[in-house]
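Asker: For reference, the structure I am asking about is given below.
Residue numbers (our numbering), protein chains in the order written: chain A, 22 to 364; chain B, 6 to 275.
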């Protein structure tokens, strides 16, 4: 099996995934592991084609556990182009690596996590065994190269990649919004006061935004602070609906299958797993907040956004990490802000 | 075009109605037929989860009936197969939100534009069952080789026989475990068919892959290597009128077992 390492990080091989769904499924399984927190990650994506939006979700998934993508490794032009427009460093996989991988007959669909053969400490887990040893950190090489070239020639360095991908990326730019655009006034102010750094707030756009309200609902932006608030201290279970002509505050979880419908904002002090519809009468300034936004669908005024197909409930919910998230409408899309904690 | 409306029912809960609906629907769509799946289990819907379509549902069958949207708007297209669509049940309502007449009307409309309309029936024999059966002309009764499931299936078959519109009722035997049958710990296929006395349309072996497939939201018929998936594909073919032999569910024999077989045969000759 090929060997490689990234300083204080992992190489995650997802190139055997049959499709994007499987890829994200496996990745999110891996990301659940405590050892992966705060690490730098090299993603091997093989020939899988990823759109910008898909890669963005993957990035958000990785960053949600405080980890970051060091670089990705792909032979797909589309993925390359997507990565480039997102500013993710690409390393191209050599043919030898391919052959090598094939010879080694990596079990299909099984993510392989690699690390230099240091003193390893196996962590039992369902489908992967990360090998990590903090003490040996100083042994590893510089991150810039990403990899130990002396040991593994197959992963080539970053040169030459731009030439390969610039062409495609010109066609691909559609959804991506430049990062300066993300900041609103509050953040800019906070940043200038040194309260937050720009990295602290990440933002991702949910896939697939579409109309939901029947025609006729009038769009308006009314200040939700003026509305009354319904205060609920209970868990909402599947099949239960809460509707209120104002804001709704729930202390507890909202399970998948539940519905929360409000004229104004929806705030869940817990995991939001069901459907939430804020600003149901067309108030586009309404927001949805939760300690964990795992909603099947988020609806604000006349828009809806659905959860990524592969982020199934079981393993996302078991996470004990809660990072407040807030969804709102920006330029006709529902976007989610998330405050990242840096340990 | 006039499609066939098939209701998938069982009486007892947990025998695999929804799994069967999702898999037969997917298999028929894969064969190139236009299929609509209707989830009539209001308040306890699951079919969307099995198909991995939960996040796409905006309108449900109740919205259609209460005229908040058009029928076409409420049909959720499958992620992979454009031939397959789902009419989801409302999770926040109960069975009384719909009546048999309304469901029949929806089935009538859907069969004009589709080859197959599969109705996933809720457990029980009350309103939900009456609704689901209303528009159907064929029925598939799902059961497992357990006394309780068979007793309930028998009751359901009796009820189906009183419905004039239902012209064919066939049996699908789910979660069959060949080794248990071999040791006489489970009723055999013949036993079950003997009790229920309706034609068999499929035998589905117990498969742990079903659990994974449910969690992933991907029907097991998409897995070419799965025995249960193969069995469901065969059921779809039988619905289409093909003659497909039932799968040989005997586990592949080990080396020693084969030798024993040879000796047994020699002995028999002597």
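For each residue, glycine too, the CB sits at the ideal point set by N, CA and C.
Work out the CA separation of residue 265 (chain A) and residue 304 (chain A) for me, nearest whole Å.
Answerer: 14 Å
Asker: Give the interface partners of residue 75 (chain B) over in chain A, defined as CB-CB distance under 9 Å, in chain order.
Answerer: Chain A residues near residue 75 (chain B): none, gap ~10 Å exceeds 9 Å.
Asker: Alpha carbon to alpha carbon, how far is residue 312 (chain A) from residue 274 (chain A)?
Answerer: If you take the alpha carbons of residue 312 (chain A) and residue 274 (chain A), they lie about 9 Å apart.
Asker: Using the DSSP secondary-structure output, state which residues sit across from residue 284 (chain A) in a beta bridge.
Answerer: Answer is none; residue 284 (chain A) lacks a bridge partner.
Asker: Roughly how many angstroms separate the alpha carbons of residue 357 (chain A) and residue 9 (chain B), rounded to a whole number?
Answerer: 45 Å
Asker: Got a sec, what are the start and stop residues for the alpha helix (DSSP H) residue 110 (chain B) sits in?
Answerer: 105-118 is the extent of the alpha helix (DSSP H) around residue 110 (chain B).
Asker: Could you give the DSSP three-state label for residue 328 (chain A): helix, strand or coil?
Answerer: Coil, per DSSP.
Asker: Whose C-beta lies closer than 8 Å to the C-beta of residue 68 (chain B) among residues of the same chain, with five residues either side of it excluded?
Answerer: 74, 79, 95
Asker: On a CA-only basis, which of A:101, A:63, A:246, A:244 is nearest residue 84 (chain A)? Give me that one, please.
Answerer: A:63
Asker: Determine which residues of the region 85-102 of chain B have a Cβ less than 7 Å from any Cβ of chain A, and write them out in chain order.
Answerer: Sequence-ordered contacts of the region 85-102 of chain B with chain A read 96, 97 [C-beta pairs closer than 7 Å].
Asker: Between the Cα of residue 270 (chain A) and those of A:40, A:241, A:302, A:308, spot the shortest distance and give me the residue it belongs to.
Answerer: Of the candidates A:40, A:241, A:302, A:308, the one whose C-alpha sits nearest the C-alpha of residue 270 (chain A) is A:308.
Asker: Taking its Cβ as the centre, do 16 or more other Cβ atoms sit within 10 Å of residue 255 (chain A), making it buried, or is it exposed?
Answerer: exposed
Asker: If you draw a straight line from the C-alpha of residue 132 (chain B) to the C-alpha of residue 87 (chain B), how long is it?
Answerer: 32 Å
Asker: Using the three-state DSSP reduction, which class does residue 143 (chain A) fall into: helix, strand or coil?
Answerer: Note on residue 143 (chain A): pLDDT 42, under 50, position unreliable in the model; the coordinate value appears next. Residue 143 (chain A): strand per DSSP, three-state reduction.
Asker: Distance cutoff 8 Å, beta carbons only. Does residue 104 (chain B) sit that close to anything in chain A?
Answerer: no
Asker: Have a look at B:235, B:51, B:161, B:134 and flag the residue whose alpha-carbon is nearest the alpha-carbon of residue 301 (chain B).
Answerer: Beyond the ends of chain B as shown, which are 6 and 275, falls residue 301 (chain B); an answer cannot be given.
Asker: Which stretch, first to last residue, makes up the alpha helix (DSSP H) that contains residue 30 (chain B)?
Answerer: 22-35
Asker: Given that residue 260 (chain A) touches chain B, what residues does it touch there, using C-beta distances under 7 Å?
Answerer: 48, 96, 97
Asker: Beta strand (DSSP E) containing residue 347 (chain A): first to last residue?
Answerer: Residue 347 (chain A) -> beta strand (DSSP E) spans 346-351.
Asker: Do residue 34 (chain B) and residue 52 (chain B) come within 8 Å of each other at the CB atom, strictly closer than that value?
Answerer: no
Asker: Do residue 206 (chain B) and residue 164 (chain B) have their CB atoms nearer than 8 Å?
Answerer: no
Asker: Provide the residue span of the beta strand (DSSP E) that contains residue 250 (chain A), from first to last.
Answerer: 250-253
Asker: Hey, does residue 221 (chain B) have any beta-carbon neighbour from chain A nearer than 8 Å?
Answerer: yes
Asker: Kindly list the residues whose CB is nearer than 6 Å to the CB of residue 249 (chain A), restricted to its own chain and excluding five residues on each side of it in sequence; keep chain order.
Answerer: 267
Asker: Residue 11 (chain B) and residue 145 (chain B) look like a contact to me (Cβ under 8 Å); what is the Cβ gap, rounded to whole Å?
Answerer: 6 Å
Asker: List, in order along the chain, the chain B residues whose C-beta lies closer than 9 Å to that of residue 280 (chain A)?
Answerer: Within 9 Å Cβ-Cβ: 96, 97.
Asker: Between residue 321 (chain A) and residue 292 (chain A), which are expected to be in contact by the criterion C-beta below 8 Å, what is the C-beta distance as a whole number of angstroms?
Answerer: 19 Å between Cβ atoms; not a contact.
Asker: Any C-beta of chain A within less than 7 Å: which residues of the region 133-166 of chain B qualify?
Answerer: For the region 133-166 of chain B, the set of residues with a beta-carbon nearer than 7 Å to any beta-carbon of chain A is empty.
Asker: Just to make sure I have the definition right: I need the residues of chain B whose C-beta is within less than 7 Å of the C-beta of residue 318 (chain A). Which are they?
Answerer: 60
Asker: Examine chain A for any beta-carbon lying closer than 8 Å to the beta-carbon of residue 69 (chain B), and answer yes or no.
Answerer: Not an interface residue.
Asker: For residue 46 (chain A), go through chain B and note every residue whose CB falls closer than 9 Å to its CB, in chain order.
Answerer: Listed by position along chain B, the residues whose Cβ is nearer than 9 Å to that of residue 46 (chain A) are 221.
Asker: Count the CB pairs spanning the region 70-79 of chain A and the region 37-46 of chain A that are closer than 8 Å, and state whether there are at least three.
Answerer: Touching, per the Cβ criterion.
Asker: Does the region 277-288 of chain A come close enough to the region 257-264 of chain A that 3 or more CB-CB pairs lie under 8 Å?
Answerer: Here the region 257-264 of chain A lies against the region 277-288 of chain A, with 3 or more beta-carbon pairs under 8 Å apart.
Asker: Pick helix, strand or coil for residue 201 (chain A), following the three-state DSSP scheme.
Answerer: Its pLDDT being 40, under 50, residue 201 (chain A) is placed unreliably by the model, and nothing is read from it.
Asker: Determine, using beta carbons only, whether residue 319 (chain A) and residue 355 (chain A) come nearer to each other than 8 Å.
Answerer: yes
Asker: Since I believe residue 128 (chain B) is in contact with residue 171 (chain B) (beta carbons under 8 Å), could you give me their beta-carbon distance rounded to a whole number of angstroms?
Answerer: The Cβ separation is near 19 Å, so there is no contact.
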